[in-house]
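Under our numbering, the final residue of the sequence shown carries the number 1149; numbering is consecutive throughout.
For glycine and all other residues, C-beta sits at the position ideal for the given N, C-alpha and C.
The structure under discussion appears below in the form of structure tokens.
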Amino acid sequence: MRNPSDQSAHAYPDHWEADVVLRDGGTARIRPITTDDADRLVSFYEQVSDESKYYRFFAPYPRLSAKDVHRFTHHDFVDRVGLAATVGGEFIATVRYDRIDERGMPAPAPADEAEVAFLVQDAHQGRGVASALLEHIAAVARERGIRRFAAEVLPANTKMIKVFTDAGYTQKRSFEDGAVRLHLDLEPTDRALAVQRAREQRAEARSVQRLLAPGSLAVIGAGRTPGGVGRTILRNVLDAGFTGRVYAVNSALPAPGPDGEPARMDGVPAHRSLADIGDHVDVAIVAVPAERVPEVVADCGEHGVRGLVVLSAGYAERGPAGRERQRELVRQARSYGMRVIGPNAFGLINTAEGVRLNASLAPQLPAAGRIGLFTQSGAIGIALLSGLHRRGAGLSSFVSAGNRADVSGNDLLQHWYDDPDTDVGLLYLESLGNPRKFTRLARRTAAVKPVVVVKGARHSGSAPPGHAVPVTRIPHATVSALLRQAGVIRVDTVTELVDAGLLLAGQPLPAGPRVAILGNSESLGLLTYDACLTEGLRPLRPRDLTTAATPDDFRTALADALHDDGCDAVVVTAIPSVGETGPAAEGEILAEALREACATSPAKPVVVVHVELGALADALAAATSTAPTHEAPPAGAVPPNPASTAATPTTAPDAASSPETHPENTPAASPSRDPGHIPAYPAAERAGRALAEAVKYAEWRRKAADPGRVPEYEGIDESGAAAQIERLLAGHDVGERGITLSPTHAHELLGRYGIAVHPALAAPDPDAAVGAAARLGYPVALKTTAPHLRHRPDLGGVRLDLATEEQLRTAYAELTEALGKPEELQPVVQAMVPRGVDTVVRASVDPAVGAFLSFGLAGAPSELLGDTAHRLVPATDRDVAEQIRSIRTAPLLFGWRGSAPVDTAALEELLLRVSRLVDDHPEIVAVALEPVVVAPQGLAVLGATVRLAPPPARSDLGPRHLPSY
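Here you go:
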């Protein structure tokens, strides 16, 4: 056995370091314990109660001996490992394992069991520290070849027993010698992953809530004279009527007078430092020059501030030096347990009546409403706030994160998921640093409330320079498709973001695509009809009420349409009428008539298209309700948008819930329309687009309840494939890029999953071609495999239906004469297969997104037009059925213009087998099957390439942690 004191037996594992969010929303640093930690360990142990010490050592143990300190700080990072959770650089909890043999005795590798023990400072118990440490020490143990943990716990130590039993690992329990003996299998299970993600959601949501709803707030850097960022923020906080305590902090203020009373700034106490306040501060708004921020962060950390909003500029947007300053800001703040919005942030807003916080540069607090808004850009944030306000939409919360060094859109999704005040989440993003996690969180949130995203910087190839996270290089179209699969409503402009948000926040989801159109202009009705058709909706014949229509006519017609079982949504079109009523009065009267019809009719979405009738839009906007009513949806309707009510999961903290009861699977609530909120649009095209997005989202919601299944197929040799992959990787110098398998190895590997590839025999000369044809049997195809000709059928590199030797020799001569020498063309001979539609099936692994499956028709449709559909792996039967039907050229598969429909069932099975192959073996980083000829009966895979590489890291399967930066 290696000497436990020999810490050099293995290099210090930097990758075990991680920042985690705890149950109460604070952060802690987890890192390996080293020989330099002796004083920290002693100090930590002195702060632990006698009872906790007794639970740890099963006997009174008032202090650690020098031998204990040496043993607990000297590790080899293989057989003996210790991790500590730290806040402010000091230990708050420790965990360690020691590898043991089957008798429970110390053992060197390769024994695969270890004894594990925890100790948590009493002041930090109940924060979920032990649960986080268990996740991380389990990941370390698996990395070091340990598969099981054993632990002895006194029966009275119920908190620690709960940590183990709630973790979700497969376990056994026994009672021996007065102690509970637990054995945990560390192999990750679906239940363990569900528990881990439920804890992640609660912790990250809580960390955002602490920022949005502080009990006290300090503006650090508020100037003594009006103007400037800090003083403006202070004024905005006060003008909004913030319900908590407010302090101003400015180091340049004079010292308090003889009476000890602080100075006043805008009516609130103004101090030189946080220490002078003499009271707890929850959140600090930092508006000082970047070079002074570190001392401010240290002061905040020392005085227990929970979160920072850093408005200061001069960080990564200024170049490499600023980027390093930004990294240090995040590291420093997290070391004290604080989350950071910013730097270079615009601020945050919470309109809840019990908070009323406007800690932003927006001049006024928006109206309270049901929309949550996150932006990375302050300028776009201003535009969105203005646009929503102008159209009568209220907000629940708003965060503009600037450089997004810490708090991101992912954190807001965690918060919105079970926030009872938010029904729709709108995000303006310029980069997706972790698309895999974003997609997972968005899918879960979209199951209970809509998530609408507009992504900037789509074509620039990079995010703005200040952004903290790396940008994935996966094509925008692929990311967009994968987000759509996750239920995200993807729009292209901020105008469309507002349009969709207005509809989804105040109207129920449509049960289908049938749209009734009514109004007082035949021409506008026809334009709306065309706009609906363009967006894939099914508009009914417009009902023309004529220009003489009165508000009562509109009320009656709208009520009739809403009661009609043949329509799922209604578009009301309106132009000014000719009469004595002024435009303002006309708009108000018509708006009231429409609201009355909605209030007494079945819940279906209603939108208004107006032309030169701004008074109607203003009247509808002014009527926006912040306290919506709830009605039962009509029988058989789609599960409606939770506009007006959020689904709030009710799982107990850290409950060992199964995946079936995990919050990700909590069914959505079923509220209906806010009768006062009817969205109005100045153009038919905008209304049609917003309504179409609602229809697609409603369809996704219906299908999300039954996502399909991953079928089990015969002829899958998973263990054989794993062994072959191991041999192939061991026999090559793989490197980061990996290796492309030879055709023989690729075909063998695919064959283990029931994917047969038709052989293609090399034909370096005419005689070899004839010999190959004799082995395969006529008729045959002769084709080139040179990379520069592979996708150029127009050059004649493929000759089909060669039925005789003479035809084959003639074709060979013509091919080489026209295109080049055989060694350049790399010709092959292949047996003919039944005619059909040529398609392409691919699977790829992107480090950020993960594995995804791609499908399209071969040649120009997918390459020139980008007509390719993508789905995340593992794909279900429902996923692939939708995938092959979602491409624009899909009609060619289903009998377009009298052609024979092809065998789509066989195609779906092939896609599912490829998905299963890539999902089972993360070393397979790319598969390309091209072409796949799909015939009326069956299909034929004529070409295949497979690439292997060391499997990319799966951070989403490891212990939860904040992004490293």
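From A733, L666, L724 and S903, pick the residue whose C-alpha is nearest to that of S1028; which is it? When each option's Cα is compared against that of S1028, the closest is L666.
Y713: first and last residue of the uninterrupted alpha helix (DSSP H) it sits in: Start and end: E706 to T718.
So the candidates are L1091, S457 and E1066; which of them puts its Cα closest to the Cα of P891? Put simply, of L1091, S457 and E1066 the residue whose alpha carbon is nearest the alpha carbon of P891 is E1066.
Exposed unless 16 or more other CB atoms sit within 10 angstroms - verdict on S391: S391 comes out buried.
Three or more C-beta pairs under 8 Å: does that hold for the segment 208-223 against the segment 244-261? Note that the segment 208-223 touches the segment 244-261; at least 3 beta-carbon pairs, one per stretch, sit closer than 8 Å.
Excluding sequence positions up to five away, which residues of its chain have a Cβ less than 6 Å from the Cβ of A670? Apart from sequence neighbours up to five positions away, the residues of its chain that approach A670 with a beta-carbon distance below 6 Å are T623, A626 and R627, ordered along the chain.
Reduced DSSP category for G362 - H, G, I as helix; E, B as strand; rest coil: Correct three-state label for G362: coil.
Leaving out the 5 sequence neighbours to the left and right, which residues in its chain are closer than 8 Å to S189 when beta-carbon positions are compared? Confidence in S189 is poor, its pLDDT being 42 and thus under 50, which makes the residue's placement unreliable; the coordinate value appears in the next sentence. Cβ neighbours of S189 beyond the five flanking positions: H254 and H258.
Excluding five sequence neighbours on each side, which residues of the same chain lie with their C-beta closer than 7 Å to the C-beta of V1025? Once the five neighbours on either side are set aside, the close Cβ partners of V1025 are F1039, L1094, L1095, V1098, L1113 and V1116.
Between the Cα of G414 and those of A546, I345, R326 and E384, spot the shortest distance and give me the residue it belongs to. The closest CA to that of G414, considering only A546, I345, R326 and E384, is found on A546.
Looking at C-beta atoms only, is the number of pairs between the segment 1004-1015 and the segment 952-965 that lie closer than 8 Å three or more? In this structure the segment 1004-1015 lies against the segment 952-965, because at least three pairs of beta carbons, one per stretch, are closer than 8 Å.
Validate contact between the segment 428-447 and the segment 557-565 using beta carbons, cut 8 Å, 3 pairs: A contact between stretches requires three or more CB pairs, one per stretch, nearer than 8 Å, and the segment 428-447 fails this requirement with the segment 557-565.
Given P726, which residues of its chain have a CB within under 6 Å of its CB, disregarding the five upstream and five downstream residues? Correct list, in chain order: I701, G709 and Y713.
Touch check for the segment 487-494 and the segment 453-468: three-plus C-beta pairs under 8 Å? Touching, yes.
Which first and last residues belong to the alpha helix (DSSP H) in which A567 is found? Its alpha helix (DSSP H) spans residues G562 to R574.
Identity of the residues DSSP links to K639 by a beta bridge: L613, per the DSSP bridge assignment.
Which of helix, strand or coil does DSSP assign to A811? With a pLDDT of only 38 at A811, under 50, the local geometry of the prediction cannot be trusted, and the value read off the model is given with reservation. Taken through DSSP and simplified to helix, strand or coil, A811 comes out as coil.
May I ask you to report which of helix, strand or coil DSSP gives W200? DSSP places W200 in helix when its eight states are reduced to three.
Contact under 8 Å by Cβ, L613 with V637: For L613 and V637, yes; Cβs fall inside 8 Å.
So who's on the other strand from E299, going by DSSP bridges? DSSP lists D282 and A334 as partners of E299.
Indicate the three-state DSSP secondary structure (helix, strand or coil) for A836 in the structure shown. Residue placement at A836 is poorly supported in this model, since its pLDDT is 35, which falls under 50; the coordinates still yield a value, given next. The DSSP-derived three-state label of A836 is coil.
Going along the chain, which residues of its own chain have a beta-carbon closer than 6 Å to the beta-carbon of P1124, five neighbours each way excluded? A small fix is needed here, since residue 1124 is Ala in this sequence, not Pro. Excluding residues within five positions, the ones whose Cβ falls inside 6 Å are H942, V1017 and V1117.
Tell me whether D605 is buried or exposed, calling it buried when 16 or more other Cβ atoms sit within 10 Å of its Cβ. It is buried - the Cβ of D605 has at least 16 other Cβ atoms within 10 Å.
Segment limits, beta strand (DSSP E) that includes M449: Boundaries of the beta strand (DSSP E) harbouring M449: A447 to M449, taken from the DSSP string.
Cα-Cα, which of G872, Y196, N704 and R936 is closest to V1102? Selected option, being the one with the closest Cα: R936.
Close-in-space but distant-in-sequence residues of the same chain around H573 (CB under 8 Å, 5 per side omitted): Result list for H573: P550 and A551, in chain order.
Where T740 falls: helix, strand or coil (DSSP): Three-state result, T740: helix.
Alpha carbon of D203 to alpha carbon of Q691, nearest angstrom: One Cα belongs to D203, the other to Q691, and the distance between them is close to 41 Å.
Burial state of Q380 (16 or more Cβ within 10 Å): Classification for Q380: buried.
Would you tell me roughly how many angstroms separate the C-alpha atoms of L597 and T730, rounded to the nearest one? Their Cα atoms are separated by approximately 46 Å.
Closer than 7 Å by C-beta to D306: which residues in its own chain qualify, once you throw out the five before and the five after it? Chain order, please. Hits under 7 Å: V232, S233 and S236.
Given that a residue counts as buried once 16 or more other Cβ atoms are within 10 Å of its Cβ, and exposed if not, what is R620? Under this definition R620 is a buried residue.
Are the beta-carbon atoms belonging to L1180 and A956 less than 8 Å from one another? Residue 1180 is absent from the model: the chain starts at 185 and stops at 1149.
State yes or no: is the C-beta of V514 within less than 8 Å of the C-beta of I404? No, Cβ-Cβ distance for V514 and I404 is not below 8 Å.
N- and C-terminal bounds of the beta strand (DSSP E) containing V1021: Run containing V1021: V1021 to D1030, per the beta strand (DSSP E) assignment.
If you compare alpha carbons, which of K967, R993, S570 and H972 is closest to R983? If we check each option's Cα against that of R983, K967 comes out closest.
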